[in-house]
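K.L.:
What the sequence shown shows, in mature numbering (1 follows the signal peptide of the UniProt record, and there is no 0), is residues -16 to -1, 1 to 1044, in sequence order.
C-beta: ideal position from N, C-alpha, C; glycine also.
In this text the structure is predicted, and so the values were computed from the model without any measurement.
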Amino acid sequence: MEFVILIVLFLVGCDGGYIPPGPGYPCPPSSQLLYPCECIKGTDHGLFIRCENTNLASLSVAMSNIAALRSPIEELKIIKSQIGKLYGELFYPLSMRVLWIEDTPISSVAPQTFYGVNKTMKELHIINSAIAEFPTIPFQDLGNLSVLVLNGHKMKRIPPDAFGSGLLASHLEHLTLANGLLAEIPPTALAPCKKLKKLILHGNHLHSLQRNQFKGLRDVELLDLSFNNLTKLDASFFGDLNKLGWCNLSHNALTDLPRGVFARNSVLKSLNLAYNKLSKLDSNSFRGMRFIRRLHLSDNLISNVGRGTFGTMARIGTIDLARNKLKKIDYQMFHELRYIEVIDVSENMVDEIEGLAFKDLYLVHMNLSHNKISKIKKDAFVNCANITVLDLSYNELEDIQGKAFDENSYATELQLSFNKLTNLLQVPLANMTGLKILNVTNNLLTKIPKNTFPKLYELHTIDVSRNLIEDIAAGVFQTLFGLRWLDLSYNSLKEIQSATFGTLPTLLYINLEHNHLQKISTAAFTRLTSLRTLNLMNNSISKIMEIPISLAKLDLSENSIEEIPASTWPSMNSLLELNLSNNILGDSLESSSFSNLLTLAKLDLSLNGITVPPWQSLSSLSSLQWLSCKNNELEELGKSAFGTLPIVLNLDLSYNKIANVSVMAFNGLLQLLNLNLSYNELHHIPNGVFQGLVSLQILDLSHNMLESLDNKTHSVFDDCLSLETLNLSHNRVSFVTRKTFPSNPWVPYKLKDIDLSHNNIPVLSYDFTYGTKKVVRLDLSHNMIDEVRRYVVGNMTSLQKLDLSHNELDELAADVFNLQANLTSLSLANNHMHSLPVKTFKHLNYIDVSNNHIEMVYKEILDLAKRGSQVVYGGNPILCNCYLRPLKRWLKNQITPNSAWEQVTCSFPEALANKTIMNVTEEELSCVDDVADPVFQLTPDIMFRSSMRTHQDFQISWFVNTKEDISDFKVLVRDISSKITLQEKTLGYESRSTVLKNLPKSQDMEVCIQTVSSIGETRPMKAGQCIGVHQSATSGFASIHCSYLSLMIYLSFLSMDTIF
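(1) For a quick check, are the C-beta atoms of L656 and L633 less than 8 Å apart?
(2) What is the C-beta distance between T425 and S393, in whole angstroms, given that I count them as a contact (C-beta under 8 Å)?
(3) Identify every residue that forms a DSSP beta bridge with W469.
(4) How should residue 1066 be labelled, buried or exposed, when 16 other C-beta atoms within 10 angstroms of its C-beta is the threshold for buried?
(5) Would I498 be called buried (16 or more neighbouring beta carbons within 10 Å of its own) or exposed?
(6) Roughly how many whole angstroms lie between the Cα atoms of L492 and T484?
(7) Here's the rule: buried if 16 or more other CB atoms are within 10 angstroms of the residue's CB, otherwise exposed. What is S1016?
(8) Is the stretch 185 to 196 touching the stretch 213 to 220 in the sense that three or more CB pairs, one from each, lie closer than 8 Å?
(9) Taking the alpha-carbon positions, what's the N37 to A247 distance?
(10) Go ahead and label A46 buried or exposed: buried means 16 or more other beta carbons lie within 10 angstroms of its beta carbon, across all protein chains shown.
(11) Which one of V700, S234, N715 has the shortest CA to CA distance from N688?
(12) Could you name the residues that DSSP lists as bridge partners for C21?
(13) Look at residue 1083 and L611 and say whether their C-beta atoms are less than 8 Å apart.
(14) How would you label T1018, buried or exposed, when you count the other beta carbons within 10 angstroms and need 16 or more for buried?
(15) In angstroms with no decimal places, state the Cα-to-Cα distance between T709 and P746.
(16) For F(-7), does the three-state DSSP call read helix, strand or coil?
(17) Just checking: is the beta-carbon of N351 within a distance shorter than 8 Å of some beta-carbon in chain C?
(18) Please name the residue, chosen from G386, E382, G127, that lies closest to N403 on a Cα-to-Cα basis.
(19) Give a yes or no on contact between the stretch 937 to 945 and the stretch 960 to 972, applying the rule of three or more CB pairs nearer than 8 Å.
(20) Taking the straight line between their C-alpha atoms, what separation do you get for E960 and C911?
(21) Less than 7 Å between C-beta atoms, sequence neighbours within five positions excluded: which residues of the same chain meet that for K434?
(22) Looking only at C-alpha atoms, which of R141, L161, L151, A153 sits nearest to N135?
(23) Looking only at its own chain, which residues have a Cβ that is under 6 Å from the Cβ of V720, when we skip the five neighbours before and after it?
(24) Buried or exposed for S1039, going by 16 or more other Cβ atoms inside 10 Å?
(25) What are the residues that DSSP puts in a beta bridge with H280?
(26) Between the alpha carbons of Q600 and N543, how many angstroms are there, rounded?
(27) Can you give me the start and stop residues for the beta strand (DSSP E) that K61 sits inside?
(28) Should Q936 go down as buried or exposed, given a rule of 16 or more other Cβ atoms within 10 Å for buried?
(29) Roughly how many whole angstroms lie between the Cα atoms of Q921 and T905?
(30) Which runs of the beta strand (DSSP E) spanning at least 3 residues fall entirely within the stretch 396 to 425, listed in chain order?
(31) What does the Cβ neighbour count give for M768, buried or exposed, with the cut at 16 atoms within 10 Å?
(32) Going by alpha carbons, who is nearest to V101 out of Y76, N112, V82?
(33) What did DSSP end up calling V919 once you bin it into helix, strand or coil?
(34) Report the rounded CA-to-CA distance for F147 versus N49, giving the unit in angstroms.
(35) Between the C-alpha atoms of N226 and E205, what's the straight-line distance to the nearest angstrom?
(36) Quick check on this structure: which residue in I357, T406, L740, H319 has the alpha carbon closest to the alpha carbon of N367?
Given below as structure tokens:
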């Protein structure tokens, strides 16, 4: 029986499904516990913590709480904080692997700062600091550190004992001292780092290296000295780096490579010498570099490369000589480089390629573009099999002699664009048996003569566009058995004969646009049985030729076609798109002009001078889905103007001259979704025009002359049951009535988006509420609205976005302008508002009140900004006084404040005129009269949490109230009258309470807490930082350390801004 019960319980557990376990160290459930930090994620190894825009005093509480969790920290990031000096026991209780401090102005680090955490810390990154001296003593305890990064600093030198006086060098493998002011590194400084593998010194001011500069660093594999001012190299500099595999010396001022400078770096694989001032190379420059794979020499002044320079590099894969001063490629410059992959000699001054310049190469990408090459000598390319890309574009080639390539040399892709070739016979294709892509665009070709192409089985793409080609020999492409893509656009072709293309069974795409074609033989394309796309745009074609039945897309736009006879099209079920725009068809289309196009889905008849809808010619297009008749001469649409097109989804009639539309003009378009009637001359739309358009979702009537949209009893849109978007902008509408928009309690209309911008509406009346119950977006910008009637906006219960910008509004009463919770976006920009009904704005995510006459920033507006809403407030005449201090205080605490606040400028007082709110200090924001409310006073550095007097003792507690540089606290007992200090003591940044003993009973005293910055500067005392000895603070909570337990008890009612 017990066995059966166990089985049942097991099956029940299986039905519940497998629940994967969470990380071993999850983030704490309360985010306030770690404030001002946040837990990014928890892992099995520890927590990832990020702290932004804070100070030492606030950080100390967060670190104490993290330590109370007893969770190790995998990574702690301190970003954009106000810390000038790092000191004290901030990290003492932590178990941390990676410490990352970025964009924080730390200028020094005190001894024993890392005491305690040194046992677990493996990586230390200090990015963009103000450190001017290497912190030798603080770092000497970091014996377990494997990565040290000081990137962005102000150090000018490294002391000789930087790594020798402690444990720092014990396990250090990665050292970065980059983007600073280092001008000198003593050779002895780095010598203790015996285990160093990566040394990055880029972006400093090093002018020279010393003999044995890297002595003892035998394990270094990566050395980066780029972006310095080095002028010379010597073999003694790198002699001990016998494991060096990657060396970056780019962006220096090197003028010469001494003989054997890298001879002892036998395993060097990548050497970057780009952006120097090297002028020549010879066979001694790279002696001993047998295993080099990547050699970057671009952007130098190299004009001479000696014979055999690269010959000793048996395994070289990349040679980059781009943007130098080379004038020719000499005999055997690139010879027997068995493993070469990339040769880049682009953007030099090469005008000649000598014989045997390229010999015994395989699968190499050669870039010789942007030179002045006019001559390629015999046997320039010998035994260069399967060149992946040979780029000779942007040169001055007029002819390439046939013997430039031997019988074993060919390219897979040949780029010859932007040269001076006049005939394709000047391109040696005879041995190019593996050629796949040929690009000869932007040359001076005038014809493609017979026998241009030998039998090339793999050539699939030819681009000869943008030449002067007038003639193509008959059958010239017949030897190309794999041709798929042919571009002949932008030439001077006038005729295509029946034998021009012949039978090319693999051809899929032909582009003949922008030629001068007038005559095309009847059978010019019919034998291209696989052709899918034919582009004949912008020619002089007057008659449509026969097309292959496989064609899917045909572009005949911008031609001179006057008519389409009944016999034009073969019976075909493949053509999907036909573009006939910008021809001169006029009203010539017949009833059978498009017969036999059984699957045509898209037809463009725009710019043809059509004056009457060609409904008869369209009647056979039962598959048509998209029809454009824009930019024609249509003036009137009669009943069933386009006949019956059962599945047309999109009809574009914009940019015509339509002034009259008859009832049931669109009858027969049952599936129409999008109708565009913009840019016409409509003055009035009678009822019944849209009858039958039950599927219409988008209707554009913008840019017409409409004044009204109803006949007092019905809306012209009553038949549009599915209408969602209605554009009526740029018309002459003055009033909206109860029948303007479709409304019926028994019909579920779907109207969601209305654009009435750029009209003449003077008032937002209650009639707007009819038919707009489901409207989500309403644009009434650029009207003349000076009044919003009561309950109008409030009754638009679905409205989410309302634009009333560029109107004449000067006041909106809160009881009139009552916004629903759904409304999240409101624009009142460019009106004449002096005040705002801010009580109704509480649900907004976006509010634009720019360019009005508002002089203050409302508390409610600031509350929206604090909540994360986007507030646009610029262009108002703001009075910058003490009432702006809460805003300034909030902006100061933001890591990346919204850019819109940078546009808010002061207009008053005169002393602050034209000064942005971002650049005004709290001290400058003053009021003439004293303001009692502490919210508008200068922000105190601390605020008292509790106080209690017992006999001669006085107990106080406080929290830090700013994110500026705050560390220690000075507690002063002063006489209230004379302000004479009676007692003083200094507390560390971790303190939040103290007890003052033996205070006299008879004397009136006050206790003040003055803050000290991390660099030891005493900050000015501010109102609110003193409390009378006989006074009591409002809160009764006091502690010296905010422990984990006490925080968990009180976090439920203490705000995040007042915990620390």
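P.N.:
Concretely, from the data shown:
(1) Contact flag set, yes.
(2) Cβ-Cβ separation between T425 and S393: approximately 23 Å, too far for a contact (criterion under 8 Å).
(3) T445, Y493
(4) One cannot answer for residue 1066 here, as it falls past the ends of the chain, which runs -16 to 1044.
(5) Note on residue identity: the sequence assigns His, not Ile, to residue 498. The residue in question, H498, is buried, as its Cβ has 16 or more Cβ neighbours within 10 Å.
(6) Spanning the two alpha carbons is a distance of roughly 16 Å.
(7) Note on S1016: pLDDT 48, under 50, position unreliable in the model; no value is reported.
(8) Touching, yes, given that three or more Cβ pairs across the two stretches are closer than 8 Å.
(9) Rounded to whole angstroms, N37 to A247 spans 50 Å at the Cα level.
(10) A46 sits buried, since 16 or more C-beta atoms from the chains shown fall within 10 Å of its C-beta.
(11) Ranking V700, S234, N715 by Cα distance to N688 puts N715 first.
(12) C35
(13) What the structure shows of the chain is the stretch from -16 to 1044, and residue 1083 is not part of that stretch, so it cannot be assessed.
(14) Only weak support is given to the placement of T1018: the predicted model assigns it a pLDDT of 41, under 50, and the question is left unresolved by the model.
(15) 23 Å
(16) Summary for F(-7): the model assigns pLDDT 40, below 50, so the residue's position carries little reliability; its value from the coordinates is reported in the next sentence. Looking at F(-7) - three-state DSSP - the assignment turns out to be helix.
(17) Reference to chain C is not applicable here, since this structure consists of a single protein chain.
(18) E382
(19) no
(20) Reading off the sequence shown, one finds Ile at residue 960, where the question assumed Glu. One C-alpha to the other measures close to 25 Å.
(21) A457, V460
(22) L161
(23) D751, F752
(24) Note that S1039 scores 36 on pLDDT, short of 50, meaning its location in the model is unreliable and no value can be drawn from it.
(25) N256, D304
(26) 23 Å
(27) 57 to 63
(28) exposed
(29) 13 Å
(30) 421 to 423
(31) exposed
(32) Y76
(33) helix
(34) Using only the alpha carbons, I get a separation of about 34 Å.
(35) In this structure, the straight-line span from the alpha carbon of N226 to that of E205 is close to 9 Å.
(36) H319
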